[in-house]
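Residue numbers (our numbering): 1 to 323. Glycine included, every Cβ here is placed at the ideal spot set by N, Cα and C. Read through the structure below, which is laid out as C-alpha coordinates, and then see the notes.
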Amino acid sequence: MPIRPAIVGIAGTTLSTQEARLLTQHPPLGIILFARNIQTPAQLTALISQITTELPHALLMVDQEGGRVARLRSPHWRAHPAAAALQTPRAAWLTGALIGLDCAAAGFHIAAAPVLDVGASGGHDVIGDRAFSTDPEIVATLGSAFAAGLLAAGIQPIGKHAPGHGRALADSHLTLPTLESVLPADLLPFTRNRHLPWLMTAHIRYTSLDMTNPATQSPAIIAGVIRDPNAIGFQGLLITDDLAMHALTGTPSLRALRALQAGCDVALHCSGILSETTDLLSALPPAAPAALARVAAARAHAKTARQELDAQSLAAERAALLA
(Lines of atoms letter the chains of each structure in order from A and count residues from 1; the text may use other names and numbers.)
(Lines give C-alpha, C1' and ligand atoms only; values in the text may rest on other atoms or scores of the structure.)
Protein backbone atom coordinates (compact mmCIF):
# COMPACT_ATOMS: atom_id res chain seq x y z
CA MET A 1 0.00 0.00 0.00
CA PRO A 2 1.27 3.54 -0.74
CA ILE A 3 2.53 5.54 2.21
CA ARG A 4 0.34 8.45 3.32
CA PRO A 5 2.12 11.73 4.08
CA ALA A 6 1.13 11.75 7.74
CA ILE A 7 2.49 11.06 11.20
CA VAL A 8 -0.32 10.08 13.57
CA GLY A 9 -0.90 9.29 17.21
CA ILE A 10 -2.32 6.14 18.79
CA ALA A 11 -4.59 5.79 21.80
CA GLY A 12 -2.80 3.79 24.47
CA THR A 13 0.10 1.70 25.68
CA THR A 14 -0.50 -1.10 23.18
CA LEU A 15 -1.58 -1.08 19.56
CA SER A 16 -5.22 -2.10 19.29
CA THR A 17 -6.50 -4.52 16.66
CA GLN A 18 -8.47 -1.69 15.03
CA GLU A 19 -5.43 0.57 14.94
CA ALA A 20 -3.25 -2.16 13.45
CA ARG A 21 -5.85 -2.78 10.75
CA LEU A 22 -6.06 0.92 9.88
CA LEU A 23 -2.28 1.35 9.78
CA THR A 24 -1.84 -1.55 7.38
CA GLN A 25 -4.74 -0.46 5.14
CA HIS A 26 -3.62 3.18 4.98
CA PRO A 27 0.01 3.22 6.14
CA PRO A 28 1.23 6.57 7.44
CA LEU A 29 4.80 7.77 7.19
CA GLY A 30 5.16 7.46 10.95
CA ILE A 31 3.77 7.35 14.47
CA ILE A 32 4.16 9.92 17.27
CA LEU A 33 4.01 8.77 20.88
CA PHE A 34 2.96 10.77 23.95
CA ALA A 35 2.85 10.29 27.71
CA ARG A 36 -0.39 8.33 27.32
CA ASN A 37 1.55 5.75 25.31
CA ILE A 38 4.61 5.45 27.56
CA GLN A 39 4.87 3.80 30.98
CA THR A 40 8.17 1.93 31.31
CA PRO A 41 11.10 1.09 29.03
CA ALA A 42 9.92 -2.52 28.70
CA GLN A 43 6.38 -1.48 27.79
CA LEU A 44 7.68 1.08 25.29
CA THR A 45 9.94 -1.50 23.66
CA ALA A 46 6.98 -3.85 23.29
CA LEU A 47 4.80 -1.11 21.81
CA ILE A 48 7.43 -0.04 19.30
CA SER A 49 7.87 -3.68 18.32
CA GLN A 50 4.11 -3.89 17.67
CA ILE A 51 4.21 -0.74 15.55
CA THR A 52 7.20 -1.79 13.48
CA THR A 53 5.68 -5.22 12.88
CA GLU A 54 2.71 -3.50 11.23
CA LEU A 55 4.72 -0.61 9.72
CA PRO A 56 8.32 -1.70 9.07
CA HIS A 57 9.07 1.61 7.32
CA ALA A 58 7.61 3.81 10.07
CA LEU A 59 9.38 6.86 11.42
CA LEU A 60 8.92 7.00 15.20
CA MET A 61 8.61 10.48 16.67
CA VAL A 62 8.42 11.87 20.20
CA ASP A 63 7.90 15.40 21.53
CA GLN A 64 10.99 15.69 23.74
CA GLU A 65 12.29 19.22 24.24
CA GLY A 66 13.27 19.06 27.90
CA GLY A 67 11.58 21.04 30.65
CA ARG A 68 7.80 20.78 30.65
CA VAL A 69 7.64 19.23 27.18
CA ALA A 70 8.95 15.73 27.84
CA ARG A 71 7.26 12.39 27.18
CA LEU A 72 10.18 10.27 28.38
CA ARG A 73 10.24 11.14 32.08
CA SER A 74 11.92 10.13 35.32
CA PRO A 75 12.25 7.75 37.04
CA HIS A 76 12.84 5.71 33.89
CA TRP A 77 14.52 8.42 31.80
CA ARG A 78 16.71 11.44 32.51
CA ALA A 79 15.19 14.80 33.40
CA HIS A 80 16.37 17.62 31.14
CA PRO A 81 16.26 21.40 31.65
CA ALA A 82 14.05 23.73 29.66
CA ALA A 83 15.68 25.61 26.79
CA ALA A 84 15.70 28.89 28.75
CA ALA A 85 18.07 27.31 31.31
CA LEU A 86 20.71 26.64 28.65
CA GLN A 87 23.03 29.62 28.46
CA THR A 88 25.89 28.39 26.26
CA PRO A 89 26.20 26.47 22.99
CA ARG A 90 27.97 23.65 24.81
CA ALA A 91 25.14 23.26 27.34
CA ALA A 92 22.64 23.26 24.48
CA TRP A 93 24.65 20.68 22.51
CA LEU A 94 25.03 18.43 25.55
CA THR A 95 21.30 18.58 26.26
CA GLY A 96 20.45 17.82 22.65
CA ALA A 97 22.87 14.90 22.68
CA LEU A 98 21.54 13.49 25.96
CA ILE A 99 17.93 13.81 24.82
CA GLY A 100 18.95 12.23 21.55
CA LEU A 101 20.60 9.29 23.31
CA ASP A 102 17.46 8.72 25.38
CA CYS A 103 15.30 8.84 22.26
CA ALA A 104 17.57 6.59 20.22
CA ALA A 105 17.84 3.99 22.97
CA ALA A 106 14.04 3.90 23.23
CA GLY A 107 13.70 3.30 19.48
CA PHE A 108 12.74 6.73 18.16
CA HIS A 109 14.05 8.36 14.99
CA ILE A 110 12.79 11.95 15.40
CA ALA A 111 12.52 14.40 18.30
CA ALA A 112 10.23 17.42 17.93
CA ALA A 113 12.87 19.92 19.05
CA PRO A 114 14.46 22.46 19.17
CA VAL A 115 12.08 25.38 19.60
CA LEU A 116 13.38 28.20 17.37
CA ASP A 117 10.73 30.71 18.42
CA VAL A 118 12.07 33.94 19.89
CA GLY A 119 10.72 34.60 23.37
CA ALA A 120 8.78 37.81 23.76
CA SER A 121 7.75 39.88 26.75
CA GLY A 122 3.97 39.69 26.86
CA GLY A 123 3.83 36.63 24.62
CA HIS A 124 1.63 33.77 25.71
CA ASP A 125 3.32 31.32 28.08
CA VAL A 126 2.66 28.42 25.70
CA ILE A 127 6.20 29.18 24.50
CA GLY A 128 7.67 30.78 27.62
CA ASP A 129 10.72 28.91 28.86
CA ARG A 130 10.60 26.62 25.84
CA ALA A 131 12.36 29.47 24.01
CA PHE A 132 16.12 29.73 24.43
CA SER A 133 16.05 33.52 24.69
CA THR A 134 14.36 36.78 23.73
CA ASP A 135 17.42 37.53 21.58
CA PRO A 136 17.09 36.03 18.09
CA GLU A 137 20.86 35.68 17.68
CA ILE A 138 21.04 33.61 20.87
CA VAL A 139 18.04 31.51 19.81
CA ALA A 140 19.68 30.82 16.45
CA THR A 141 23.00 29.82 18.02
CA LEU A 142 21.64 27.69 20.86
CA GLY A 143 18.98 26.11 18.66
CA SER A 144 21.64 25.09 16.16
CA ALA A 145 23.80 23.60 18.91
CA PHE A 146 20.87 21.68 20.40
CA ALA A 147 19.95 20.28 16.97
CA ALA A 148 23.57 19.27 16.37
CA GLY A 149 23.51 17.37 19.65
CA LEU A 150 20.40 15.47 18.60
CA LEU A 151 22.01 14.63 15.27
CA ALA A 152 25.17 13.44 17.01
CA ALA A 153 22.96 10.87 18.76
CA GLY A 154 21.45 9.85 15.42
CA ILE A 155 18.12 11.59 16.01
CA GLN A 156 16.46 13.82 13.41
CA PRO A 157 15.57 17.25 14.90
CA ILE A 158 12.51 19.34 14.03
CA GLY A 159 12.88 23.11 14.36
CA LYS A 160 9.61 24.73 15.43
CA HIS A 161 7.35 26.71 14.88
CA ALA A 162 8.01 28.51 11.55
CA PRO A 163 7.76 31.38 10.83
CA GLY A 164 7.66 32.22 14.54
CA HIS A 165 5.31 31.68 17.50
CA GLY A 166 7.00 33.64 20.27
CA ARG A 167 5.04 36.91 19.96
CA ALA A 168 1.63 35.21 19.81
CA LEU A 169 -0.77 36.33 22.53
CA ALA A 170 -2.85 33.13 22.51
CA ASP A 171 -2.26 29.39 22.78
CA SER A 172 -2.81 27.68 19.42
CA HIS A 173 -3.82 24.52 21.26
CA LEU A 174 -6.97 26.41 22.23
CA THR A 175 -7.61 29.10 19.61
CA LEU A 176 -6.09 30.66 16.49
CA PRO A 177 -3.56 33.38 17.39
CA THR A 178 -3.32 36.37 15.05
CA LEU A 179 -0.36 38.63 14.40
CA GLU A 180 -0.15 41.42 11.85
CA SER A 181 3.21 40.47 10.38
CA VAL A 182 6.32 38.36 10.59
CA LEU A 183 9.35 40.32 11.79
CA PRO A 184 12.95 39.80 10.66
CA ALA A 185 13.78 38.87 14.25
CA ASP A 186 11.19 36.06 14.12
CA LEU A 187 12.76 34.65 10.97
CA LEU A 188 16.42 34.84 11.92
CA PRO A 189 16.65 31.57 13.95
CA PHE A 190 14.86 29.67 11.19
CA THR A 191 17.02 31.21 8.48
CA ARG A 192 20.18 30.31 10.38
CA ASN A 193 18.84 26.76 10.81
CA ARG A 194 17.52 26.27 7.28
CA HIS A 195 19.90 23.29 6.98
CA LEU A 196 17.92 21.20 9.49
CA PRO A 197 16.18 18.13 8.08
CA TRP A 198 12.72 19.16 9.40
CA LEU A 199 10.81 22.32 10.29
CA MET A 200 7.34 22.50 11.86
CA THR A 201 4.78 25.15 10.93
CA ALA A 202 2.94 27.52 13.28
CA HIS A 203 -0.84 27.60 13.58
CA ILE A 204 -0.79 31.41 13.52
CA ARG A 205 -2.50 33.80 11.12
CA TYR A 206 -0.26 36.65 9.93
CA THR A 207 -2.78 39.09 8.48
CA SER A 208 -0.39 41.13 6.34
CA LEU A 209 0.57 37.93 4.49
CA ASP A 210 -2.70 35.98 4.50
CA MET A 211 -5.92 37.38 5.93
CA THR A 212 -7.60 33.99 6.04
CA ASN A 213 -5.25 31.09 6.62
CA PRO A 214 -2.81 30.21 9.41
CA ALA A 215 0.75 29.57 8.26
CA THR A 216 0.17 25.80 8.31
CA GLN A 217 -2.48 26.14 5.58
CA SER A 218 -1.19 29.22 3.77
CA PRO A 219 0.40 28.84 0.32
CA ALA A 220 1.47 32.47 0.55
CA ILE A 221 3.42 31.94 3.77
CA ILE A 222 4.87 28.54 2.89
CA ALA A 223 6.01 29.57 -0.59
CA GLY A 224 6.67 33.23 0.17
CA VAL A 225 8.37 32.95 3.58
CA ILE A 226 9.30 29.42 4.65
CA ARG A 227 10.51 28.16 1.25
CA ASP A 228 11.57 31.52 -0.24
CA PRO A 229 15.38 31.85 -0.45
CA ASN A 230 14.96 35.55 0.31
CA ALA A 231 13.29 34.73 3.64
CA ILE A 232 13.83 31.43 5.52
CA GLY A 233 14.78 29.44 2.43
CA PHE A 234 14.06 26.03 3.96
CA GLN A 235 14.21 23.10 1.53
CA GLY A 236 13.85 20.14 3.89
CA LEU A 237 10.80 18.32 5.26
CA LEU A 238 8.01 20.64 6.36
CA ILE A 239 5.61 19.11 8.87
CA THR A 240 2.50 20.71 10.33
CA ASP A 241 2.03 21.35 14.00
CA ASP A 242 -0.62 19.06 15.47
CA LEU A 243 -3.70 19.34 13.25
CA ALA A 244 -5.95 18.32 16.16
CA MET A 245 -5.30 21.64 17.89
CA HIS A 246 -8.25 24.01 18.22
CA ALA A 247 -6.55 26.75 16.20
CA LEU A 248 -7.83 24.95 13.11
CA THR A 249 -11.33 24.09 11.90
CA GLY A 250 -12.84 21.35 9.77
CA THR A 251 -12.57 17.59 9.79
CA PRO A 252 -9.16 15.98 10.29
CA SER A 253 -9.00 15.10 6.60
CA LEU A 254 -9.90 18.64 5.53
CA ARG A 255 -7.28 20.16 7.84
CA ALA A 256 -4.63 17.82 6.47
CA LEU A 257 -5.52 18.29 2.82
CA ARG A 258 -5.47 22.07 3.20
CA ALA A 259 -1.99 21.88 4.75
CA LEU A 260 -0.62 19.55 2.08
CA GLN A 261 -2.12 21.64 -0.72
CA ALA A 262 -0.53 24.72 0.83
CA GLY A 263 2.91 23.14 0.60
CA CYS A 264 3.51 21.07 3.75
CA ASP A 265 5.14 17.69 3.16
CA VAL A 266 3.70 15.85 6.16
CA ALA A 267 0.47 16.18 8.17
CA LEU A 268 0.84 15.64 11.92
CA HIS A 269 -2.29 14.50 13.77
CA CYS A 270 -1.73 13.57 17.38
CA SER A 271 -5.09 12.90 19.07
CA GLY A 272 -4.96 9.11 18.79
CA ILE A 273 -8.75 9.06 18.40
CA LEU A 274 -9.40 6.23 15.97
CA SER A 275 -12.28 7.89 14.11
CA GLU A 276 -10.20 11.03 13.52
CA THR A 277 -7.15 9.09 12.37
CA THR A 278 -9.32 6.98 10.08
CA ASP A 279 -10.88 10.07 8.51
CA LEU A 280 -7.46 11.58 7.89
CA LEU A 281 -5.56 8.56 6.59
CA SER A 282 -8.34 7.28 4.35
CA ALA A 283 -8.59 10.67 2.59
CA LEU A 284 -4.92 11.40 2.01
CA PRO A 285 -3.22 10.73 -1.33
CA PRO A 286 0.07 8.84 -1.48
CA ALA A 287 3.11 10.78 -0.33
CA ALA A 288 4.61 12.88 -3.11
CA PRO A 289 7.95 11.72 -4.56
CA ALA A 290 9.55 15.01 -3.47
CA ALA A 291 8.44 14.41 0.13
CA LEU A 292 9.77 10.84 0.09
CA ALA A 293 13.08 12.10 -1.28
CA ARG A 294 13.27 14.57 1.62
CA VAL A 295 12.51 11.72 4.06
CA ALA A 296 15.43 9.75 2.64
CA ALA A 297 17.67 12.81 2.89
CA ALA A 298 16.67 13.37 6.53
CA ARG A 299 17.46 9.75 7.40
CA ALA A 300 20.84 10.03 5.66
CA HIS A 301 21.59 13.33 7.42
CA ALA A 302 21.09 11.75 10.85
CA LYS A 303 23.07 8.65 9.92
CA THR A 304 26.02 10.69 8.67
CA ALA A 305 26.03 13.02 11.69
CA ARG A 306 25.87 10.25 14.29
CA GLN A 307 28.82 9.98 16.69
CA GLU A 308 29.94 7.57 19.38
CA LEU A 309 28.81 9.25 22.60
CA ASP A 310 29.21 8.36 26.26
CA ALA A 311 26.05 9.43 28.09
CA GLN A 312 27.59 9.31 31.57
CA SER A 313 30.44 11.67 30.73
CA LEU A 314 28.13 14.03 28.82
CA ALA A 315 25.69 14.16 31.74
CA ALA A 316 28.50 14.90 34.19
CA GLU A 317 29.80 17.71 31.98
CA ARG A 318 26.33 19.22 31.68
CA ALA A 319 25.75 19.03 35.43
CA ALA A 320 28.98 20.94 36.01
CA LEU A 321 28.05 23.60 33.43
CA LEU A 322 24.60 24.12 34.91
CA ALA A 323 25.68 24.06 38.56
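- Under the three-pair Cβ rule at 8 angstroms, the segment 150-160 counts as touching the segment 299-314.
- Pairwise C-beta distances place the segment 274-288 out of contact with the segment 227-234, as fewer than three of them are shorter than 8 angstroms.
- Take SER218, set aside five residues on each side of it, and the residues of its chain with a beta-carbon closer than 6 angstroms to its own are ASP210, ALA262, in chain order.
- According to DSSP, residue pairing for PRO28 in a beta bridge involves ARG4.
- Annotation: GLN18 to LEU44 spans about 19 angstroms, alpha carbon to alpha carbon.
- At least 7 angstroms separates the beta-carbon of GLY100 from that of GLY166.
- Every beta strand (DSSP E) stretch that sits fully inside the segment 194-259 and reaches 3 residues is listed by chain position as 198-201, 237-239.
- The continuous stretches of beta strand (DSSP E) do not include LEU292, which lies in the alpha helix (DSSP H) extending over residues 289-305.
- Rounded to whole angstroms, the separation of the alpha carbons of SER313 and ALA259 is 43 angstroms.
- Relative to the Cα of HIS301, the nearest Cα in the group ASP117, VAL8, ILE155, ARG68 belongs to ILE155.
- The beta-bridge partner set that DSSP reports for GLN87 is empty.
- Burial check for MET245: the Cβ neighbour count within 10 Å reaches 16 or more, so the residue is buried.
- Minimum Cα-Cα distance from ASP63 among the listed residues ALA42, ILE7, PRO75, THR53 corresponds to ILE7.
- As summarised for the segment 38-101, the continuous alpha helix (DSSP H) elements at least 4 residues long and confined to that stretch are 41-54, given in chain order.
- About 19 angstroms separates the beta carbon of CYS264 from that of THR191, a gap too long to meet the 8 angstroms contact definition.
- Below 8 angstroms, enough C-beta pairs join the segment 54-68 and the segment 111-118 to call them touching: three or more.
- Within 10 angstroms of the beta-carbon of ARG73 lie fewer than 16 other beta-carbons, which makes it exposed.
- Beyond the five residues adjoining it in sequence on each side, GLN39 comes within less than 8 angstroms, by CB distance, of THR13 in the same chain, given in chain order.
- Of the candidates PRO89, ALA84, LEU94, THR216, the residue whose Cα lies closest to the Cα of ARG78 is LEU94.
- C-alpha of ALA106 to C-alpha of ALA35: approximately 14 angstroms in a straight line.
- Our two residues, THR251 and ALA320, have alpha carbons roughly 49 angstroms apart in a direct line.
- Here LEU188 is not near TYR206, since their CB atoms are 7 angstroms or more apart.
- In this structure, GLY143 places its C-beta atom within 7 angstroms of the C-beta atom of ASN193.
- The closest CA to that of PHE108, considering only LEU199, PRO5, LEU33, is found on LEU33.
- The straight-line gap separating the alpha-carbon atoms of LEU55 and PRO157 is approximately 22 angstroms.
- For PRO285, there is no enclosing beta strand (DSSP E), since its DSSP letter is neither H nor E.
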